[in-house]
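The sequence shown begins at 12 in the working numbering and counts up by one. Here a beta-carbon is modelled for each residue, glycine too, at the ideal position from N, C-alpha and C. From a predicted model like this one, the values you see are computed outputs, not experimental measurements.
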Amino acid sequence: MNPEYDVIIIGGGINGAAVAAALTRQGYRILLLEGSDFAAGTTAASTKLIHGGFRYLASGDPGLVHESLQARELLLRQRPHLVQPLAFILPVYAGEQQPGAVIRAGLVLYDLLSPRKVSPWHRSFSTRELQRQEPTIQTAGLTSAFLFHDAQVLMPERLCMEYLSEARVAGADLRNYCLVDAIVVSKGVAQGVEFHDALTGRRHGAGARLVINAAGPWVDGVLALTGRALTRRIGGTKGSHLVLQLDGRGPQHAIIARAHSDGRHIFAIPWLDHHLIGTTDTYYHGDPGAARCEEWEVDYLLTEVARILPGIGVDREHVLYSYSGVRPLPHRGSGVSEGEISRRSYIINHEQEGVARLLSIVGGKLTTGARLGEATARSVRRVIGAAPRSGRPRDLPVRGPGHVSFLPAETLEHLRGRYGQRGADVAAYAAAEPPLAEPISPCHAEIGAEVAYAVEQEGARTVGDVLLRRTPVGLTHDLGRAAAPATAAIMQARLGWTDAQRDRAVQDYEAELQRRFVIFPRGRAVRPAPTGGAVEAQAQAGT
Numbered sequence: 012m013n014p015e016y017d018v019i020i021i022g023g024g025i026n027g028a029a030v031a032a033a034l035t036r037q038g039y040r041i042l043l044l045e046g047s048d049f050a051a052g053t054t055a056a057s058t059k060l061i062h063g064g065f066r067y068l069a070s071g072d073p074g075l076v077h078e079s080l081q082a083r084e085l086l087l088r089q090r091p092h093l094v095q096p097l098a099f100i101l102p103v104y105a106g107e108q109q110p111g112a113v114i115r116a117g118l119v120l121y122d123l124l125s126p127r128k129v130s131p132w133h134r135s136f137s138t139r140e141l142q143r144q145e146p147t148i149q150t151a152g153l154t155s156a157f158l159f160h161d162a163q164v165l166m167p168e169r170l171c172m173e174y175l176s177e178a179r180v181a182g183a184d185l186r187n188y189c190l191v192d193a194i195v196v197s198k199g200v201a202q203g204v205e206f207h208d209a210l211t212g213r214r215h216g217a218g219a220r221l222v223i224n225a226a227g228p229w230v231d232g233v234l235a236l237t238g239r240a241l242t243r244r245i246g247g248t249k250g251s252h253l254v255l256q257l258d259g260r261g262p263q264h265a266i267i268a269r270a271h272s273d274g275r276h277i278f279a280i281p282w283l284d285h286h287l288i289g290t291t292d293t294y295y296h297g298d299p300g301a302a303r304c305e306e307w308e309v310d311y312l313l314t315e316v317a318r319i320l321p322g323i324g325v326d327r328e329h330v331l332y333s334y335s336g337v338r339p340l341p342h343r344g345s346g347v348s349e350g351e352i353s354r355r356s357y358i359i360n361h362e363q364e365g366v367a368r369l370l371s372i373v374g375g376k377l378t379t380g381a382r383l384g385e386a387t388a389r390s391v392r393r394v395i396g397a398a399p400r401s402g403r404p405r406d407l408p409v410r411g412p413g414h415v416s417f418l419p420a421e422t423l424e425h426l427r428g429r430y431g432q433r434g435a436d437v438a439a440y441a442a443a444e445p446p447l448a449e450p451i452s453p454c455h456a457e458i459g460a461e462v463a464y465a466v467e468q469e470g471a472r473t474v475g476d477v478l479l480r481r482t483p484v485g486l487t488h489d490l491g492r493a494a495a496p497a498t499a500a501i502m503q504a505r506l507g508w509t510d511a512q513r514d515r516a517v518q519d520y521e522a523e524l525q526r527r528f529v530i531f532p533r534g535r536a537v538r539p540a541p542t543g544g545a546v547e548a549q550a551q552a553g554t
């Protein structure tokens, strides 16, 4: 095959996106193929944390913690519109394996490993102060309580999109819904791929000087496409989360505490308008795309959170939906518990297995994605040499005036908070087409311009792409059902859909909700009672 590209990347999650950004900065010609939508796998199913890994100190890996803390601080400084400090309360109770003095020492080390940090250092709480700060938390048996800071990314999908956007403006060819059918290997050298478009069925082939397997928990499945018996690399574990609607009664801080039943850490985290509860950690051997939260996981998480936050009385009536993902951890064989598996990432060269110019990425985290991308770029340079050309970013198409004065101040602030410097590019769509300045749902602040931008600049091809991975509309309240028709109508105008295709797109969105989430009775309502800005939006619309 002729090498049309320098590198083909298989996988469009946080790893593949960060690698694409790093390689295009160095001038490599990139083709990235994602079998589903960008960031739709493990990236979307995370706990939404940008953290140093305080828990990793107990496993004796301060080097990983230091690396993660440095990466966390860089994200807080460089992408403040996406990544914000998050205050954690860590209560310690009688009978726990690690007493308060050990926890305090660990937090001191955690702070020391993060020089020039954005957030304050940790501090301790008295029982009375803890009750004042979080009146619903359990204080019976409390021996110590601490406050420390990590960070949160409300939408890791948007962090992934930023890496992809940087790659795209530097010339990368990015394609979602493209499933790789084979990695072409000739004389022991990977020379390209054969793939097809999952939405249209069209088949394609592409040649490259090197192939990178960044498929996350699907890494072994991609390796099988070489037709060679390569070493198993992934020992994935499933993590499940619950999204709770606590109607303003949830904790204001993030809570991290030991589970009573098995000693694992349990999180209760404010997230969007809800609270995120997680996570489980069990070996998973099935299709990563079919991972679902099981009944025992729901019971486990609710029981532990109800014990930690008895003042709320958490039960199934509070659950909006659950979601699950598979961590792409390295395979370690039998006898190794899930918690003992390293959270480090590895770049594997398969040349000694008989397939040269094929690299696989195992592991990886939201926090350290950019560092992994840079490390992978160094590996690429060692294998195929420097890029034959210099990268030269190109500007986004001009859509309208740079200053959009007619948009409400809160809308402009919303766009800046989601898109950072690209917020003006989104607003420009509304300047060119004023109807796109209107909200797509009475329950949310998102406007039609965001849909148009998602389609034309971020590769959105389905309603779910827009509502679940370009915006958080489908992750809260009514799960985006009220917004789906308006979203499909805007997409119809840009993708050339017929009316039947538009209506089918709305039906397909409901089907995707059912596939991705276990939806509880509270999440089945078509439209929740609007609050705040949504009330005003409905009044303006005459509803």
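Item, Value
"What residue range is occupied by the uninterrupted alpha helix (DSSP H) comprising Tyr520?", "Asp510 to Arg527"
"To the nearest angstrom, report how far apart His296 and Gly475 are at their CA atoms.", "27 Å"
"Should Pro321 and His286 be called a contact, given that it needs their Cβ atoms to be closer than 9 Å?", "no"
"Within the region 146-218, note down every full beta strand (DSSP E) run reaching 3 residues or more, in order along the chain.", "153-164, 184-186, 189-197 and 200-208"
"Determine the extent of the alpha helix (DSSP H) in which Trp307 is found, giving its start and end residues.", "Glu306 to Ile319"
"Out of Leu524, Arg527, Leu506 and Gln525, which has the shortest C-alpha to C-alpha gap to Leu210?", "Leu506"
"Whose CA, out of Leu86, Tyr332 and Ala367, lies closest to the CA of Leu524?", "Tyr332"
"Suppose you measure from the CA of Glu78 to the CA of Thr379; what does that come to, to the nearest Å?", "8 Å"
"Measure the C-alpha to C-alpha separation of Val347 and Ser353 and round it to an integer number of angstroms.", "11 Å"
"Among Ile20, Ala511, Asp258 and Gln432, which one has its Cα closest to the Cα of Gln89?", "Gln432"
"Given this structure, state the Cα-to-Cα distance separating Ala156 from Gly111, to the nearest angstrom.", "8 Å"
"Do the CB positions of Ile358 and Leu383 come within less than 9 Å of each other?", "yes"
"Measuring alpha carbon to alpha carbon, tell me which residue in Gly350, Val529, Thr35 and Ala56 is nearest Gly563.", "With the chain covering 12 to 554 only, the question about residue 563 has no answer from this structure."
"In or out: Leu80 buried (at least 16 other Cβ within 10 Å) or exposed?", "buried"
"Consult DSSP for Phe278 and reduce its assignment to one of helix, strand or coil.", "strand"
"Between Arg410 and the rest of its own chain, which residues show a CB-CB distance below 8 Å, the 5 nearest in sequence each way excluded?", "Caution applies to Arg410, whose pLDDT of 40 falls short of 50 and renders its modelled position unreliable; the value that the coordinates give is listed next. If we look at Arg410 and ignore the five residues flanking it on each side, its Cβ neighbours are Asp436, Ala439, Tyr440, Ala442 and Ala443."
"Determine the closest residue to Arg318 out of Ile267, Ser335, Glu168 and Gly300, with distance taken between C-alpha atoms.", "Ile267"
"Can you tell me whether DSSP reads Met79 as helix, strand or coil?", "The question names Met, but residue 79 is Ser in the sequence shown. If DSSP states are grouped into helix, strand and coil, Ser79 belongs with the helices."
"Quick one: what's got a C-beta closer than 6 Å to Arg179's C-beta in the same chain, skipping five residues either side?", "Leu185"
"When the Cα atoms are used, what is the spatial distance from Thr314 to Val325?", "8 Å"
"Verify the contact flag: Gly71, CB atom, against every heavy atom of the ligand COA, threshold strictly below 8 Å.", "Ligands are entirely absent from the displayed structure, and the ligand COA is therefore not among its contents."
"For Arg338, which beta-bridge partners are listed by DSSP?", "Thr248"
"Could you tell me the alpha carbon to alpha carbon distance between Leu3 and Pro450, rounded to whole angstroms?", "Lying outside 12 to 554, the shown extent of the chain, residue 3 is not represented and no answer is given."
"Roughly how many whole angstroms lie between the Cα atoms of Gln202 and Arg243?", "22 Å"
"Taking its Cβ as the centre, do 16 or more other Cβ atoms sit within 10 Å of Arg405, making it buried, or is it exposed?", "Low confidence applies here, because Arg405 scores a pLDDT of 45, under 50, leaving its location unreliable; read the following figure in that light. Looking at its Cβ environment, which holds fewer than 16 other Cβ atoms inside 10 Å, Arg405 is exposed."
"Assign Gly238 to one of two classes, buried (16 or more other C-beta atoms within 10 Å of its C-beta) or exposed (fewer than that).", "exposed"
"Put Leu418 into one of helix, strand or coil per three-state DSSP.", "coil"
"Within 10 Å of its beta-carbon, does Thr509 have 16 or more other beta-carbons around it, so buried, or fewer, so exposed?", "exposed"
"Can you tell me the Cβ-Cβ gap for Cys171 and Gly46, rounded? I've got them flagged as a contact below 8 Å.", "With 8 Å as the limit, Cys171 and Gly46 do not qualify as a contact, their Cβ atoms being about 15 Å apart."
"Using CA atoms only, rank isn't needed, just tell me which of Gln518, Gly485 and Asp514 is closest to Gly534.", "Gly485"
"Taking the runs of the alpha helix (DSSP H) that are 4 residues or longer, which of them lie wholly in the region 40-82?", "none"
"When DSSP labels each residue in this structure, what does Val394 get in the three-state scheme?", "helix"
"Using the beta-carbon count (16 or more within 10 Å), is Asn13 buried or exposed?", "exposed"
"Based on DSSP bridge pairs, tell me the residues matched to Gln95.", "Gln163"
"So, at 6 Å on beta carbons, what are the nonlocal neighbours of Leu312 in its own chain, with the 5 sequence-adjacent residues on each side left out?", "Leu253 and Ile288"
"Tell me the rounded alpha-carbon separation between Ser356 and Ala497.", "41 Å"
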